[in-house]
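The next block holds one structure in the form of structure tokens; read it before the comments.
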Amino acid sequence: FMEIASETGEIKKAGSKLQKLRSKFTALKTRRSEFKKRIDDLKQKIRESEEELEEAEARAKQVKESIRELREEIDELSEKAKNQENKSKKNQEKIDSLKEAREDLRVKEAEIKTELKEAEKKREKYDIKIKRTPRTPIKKLRGQIKKLEREIEKLKPINERAIESYKKVKKRYDSQRGHYDKLMDEKQALLDFMEEIDQKKAEVFMETFKEIAENFSEIFSELSPGGSGRLFLENPEDPFEGGLEIEARPAGKKLLNINSLSGGEKALTALSFIFAIQRTKPSALYVLDEIGAHLDPENEKRVAKMLKKSSEESQIVVITLKDAMMAVADRLFGVHMDKSNISHLVSVDLEELA
Numbered sequence: 001f002m003e004i005a006s007e008t009g010e011i012k013k014a015g016s017k018l019q020k021l022r023s024k025f026t027a028l029k030t031r032r033s034e035f036k037k038r039i040d041d042l043k044q045k046i047r048e049s050e051e052e053l054e055e056a057e058a059r060a061k062q063v064k065e066s067i068r069e070l071r072e073e074i075d076e077l078s079e080k081a082k083n084q085e086n087k088s089k090k091n092q093e094k095i096d097s098l099k100e101a102r103e104d105l106r107v108k109e110a111e112i113k114t115e116l117k118e119a120e121k122k123r124e125k126y127d128i129k130i131k132r133t134p135r136t137p138i139k140k141l142r143g144q145i146k147k148l149e150r151e152i153e154k155l156k157p158i159n160e161r162a163i164e165s166y167k168k169v170k171k172r173y174d175s176q177r178g179h180y181d182k183l184m185d186e187k188q189a190l191l192d193f194m195e196e197i198d199q200k201k202a203e204v205f206m207e208t209f210k211e212i213a214e215n216f217s218e219i220f221s222e223l224s225p226g227g228s229g230r231l232f233l234e235n236p237e238d239p240f241e242g243g244l245e246i247e248a249r250p251a252g253k254k255l256l257n258i259n260s261l262s263g264g265e266k267a268l269t270a271l272s273f274i275f276a277i278q279r280t281k282p283s284a285l286y287v288l289d290e291i292g293a294h295l296d297p298e299n300e301k302r303v304a305k306m307l308k309k310s311s312e313e314s315q316i317v318v319i320t321l322k323d324a325m326m327a328v329a330d331r332l333f334g335v336h337m338d339k340s341n342i343s344h345l346v347s348v349d350l351e352e353l354a
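Per the UniProt record's numbering, residue 1 is the first one in the sequence shown, and the count goes up by one each step.
The structure is reproduced here in structure tokens:
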């Protein structure tokens, strides 16, 4: 009975642990779905904004071309209106001059008529004959007046059509210009929205990067006691326009770029980076293949310890032949082949054996 009770307790314990792992897995899966939905929403907003921006730019291009054509038409009509205005001004000056000349002639005509009347009165009074030799015959003066009036009438009709056409085109231009300005405002609003999204992306990225960088430095120091490592961006001002650099200083060595490290040091640095990401944004499952191939025994133990610690947040599957790695596993799976070349899977629960 004691054995049954013990096994029942172990089963309950395993069931409880399994339930916790399932709860963690579900929570991580939900979190992952939320992040994915958020990313998809942002991508969709960016796509829609880009499409709207392209449409606005196309409309703006058409309106801009219409404005250019209207501007040319306005310039042409404006020049015509200006010429017409100058011509009208000159004509008006000429009309005023002709009117003045006409008035002078009328005055002369009146003076001559008065002189003739006076001469006629004297002739009748003194009964004398006066030779009519006025300086300017009245008939000739009247002819000159008529001529001046005809010239005035010729100058009076002013072509108002050019000015009217100018006003109409100017009105169309103002309307198109208003439409163009509205499109430019819409375009700027879209650009501001996209800039806001890019800024949010950059903020989220930098927050995540900063946390990963801190975790990387901490984890590298744990895996390589006495050593140090850091992550930095090639272009911190515009992180999406540059890459990510890793520098590491294994214990007893100078600070080196990752490309200058040995195979084991590179493996340790890469694992530090993976663990840093996992600590910042844990995934539900990790599969690691032969990660201890280039590690010495001491580093194997430290990496195995880190794997055990990380397994509290995620499920980790490690393919390895290293004893240090297998020693910290909760369960081992082995594959062997029998004499008939048939593969068989063997599973061992190390927690039960413990």
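C-beta: ideal position from N, C-alpha, C; glycine also. Remember, predicted model here, so these are calculated numbers, not experimental data.
- DSSP, read as helix, strand or coil, puts Asn235 in coil.
- Leu231 is positioned such that its CB atom lies no closer than 8 angstroms to that of Val303.
- Secondary structure of His179 (DSSP, three-state): helix.
- Taking all protein chains in view, the Cβ of Ala56 is crowded by 16 or more other Cβ atoms within 10 Å, so the residue is classified as buried.
- Inter-residue distance for Leu190 and Val204 is about 21 angstroms (C-alpha atoms, whole angstroms).
- For Val328, the secondary structure class from DSSP, reduced to helix, strand or coil, is coil.
- Per DSSP, Glu247 lies in no alpha helix (DSSP H); the unbroken beta strand (DSSP E) holding it starts and ends at 244-249.
- Distances from the CA of Arg279 to each of Glu211, Gly242, Lys339 were compared; the closest alpha carbon is that of Glu211.
- The C-alpha of Phe25 is placed about 24 angstroms away from the C-alpha of Asp41.
- Counting only runs that start and end inside the segment 294-352, the alpha helix (DSSP H) elements of at least 4 residues fall at 297-310, 323-327.
- Going by DSSP, Leu285 is part of no alpha helix (DSSP H) but of the beta strand (DSSP E) stretching over 285-289.
- The Cβ atoms of Asp296 and Ile319 do not sit closer than 8 angstroms to each other.
- Counting along the chain, Ser272 sits inside the alpha helix (DSSP H) bounded by residues 263-280.
- Using a C-beta cut-off of 8 angstroms, the segment 303-316 makes no contact with the segment 255-264, since fewer than three inter-stretch Cβ pairs fall below that distance.
- In this structure, DSSP gives Leu256 an extended state, which the three-state scheme calls strand.
- Between Ile197 and Ile316, the C-beta spacing is not below 8 angstroms.
- The C-beta distance from Glu300 to Ala324 rounds to 4 angstroms, short enough to fall under 8 angstroms.
- For Gly229, the secondary structure class from DSSP, reduced to helix, strand or coil, is strand.
- Ranked by Cα distance from Ala293, the first of Lys322, Ile67, Lys146, Tyr286 is Lys322.
- Tyr286 and Gly229 have their C-alpha atoms some 23 angstroms from each other.
- Looking at Pro236, Arg59, Asp349, the one whose alpha-carbon comes closest to that of Arg177 is Arg59.
- About 6 angstroms separates the CB atoms of Ser49 and Phe193; that is less than 8 angstroms, so the two are in contact.
- Contact annotation: Ala251 and Pro225 have beta-carbon atoms nearer than 8 angstroms.
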